[in-house]
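Colleague: Anchor point for the sequence shown: position 9 equals -6 in our numbering, and the numbering is continuous, going up by one each time.
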Amino acid sequence: MLPRWSGLEQEEWARYFKKLAALGKLAAGLAHELNNPAAAIESYSHMDRADRALHRRPRGHRGPACHPRAPRTVFRVALPLSVPLASDA
């Protein structure tokens, strides 16, 4: 059989659970704020590696590594994809 709690005990438990819920929201918000910069850094490092690979020349090759406008074209196409839309905020 479940114990009957007085009104005071119920209020104390209600306050405790509200504090616990607020702490959970705070932790989720903090995790989100920490993951955003980490994701941006990771994304930039992938783009940097791809850019370096694009400019690498095969052995014995004397010409330019790639078409001079290729990196600008890649960033012109990729940058709008990496910027969050107003509806995502």
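Quick reminder that beta carbons are idealized off the backbone N, C-alpha and C, glycines included.
Which residues bound the alpha helix (DSSP H) around R41?
Modeller: Segment: none, R41 is in no alpha helix (DSSP H) and carries neither H nor E.
Colleague: Between L8 and F2, what straight-line distance do the alpha-carbon atoms span, to the nearest angstrom?
Modeller: Looking at the two C-alpha atoms, the distance is approximately 10 Å.
Colleague: From M32 to A24, what does the alpha carbon distance come to, in whole angstroms?
Modeller: Cα to Cα, the separation comes out at about 12 Å.
Colleague: If we ignore side chains and look at the alpha-carbon of each, how far apart do R(-11) and L11 end up?
Modeller: Distance between the alpha carbons of R(-11) and L11: 32 Å.
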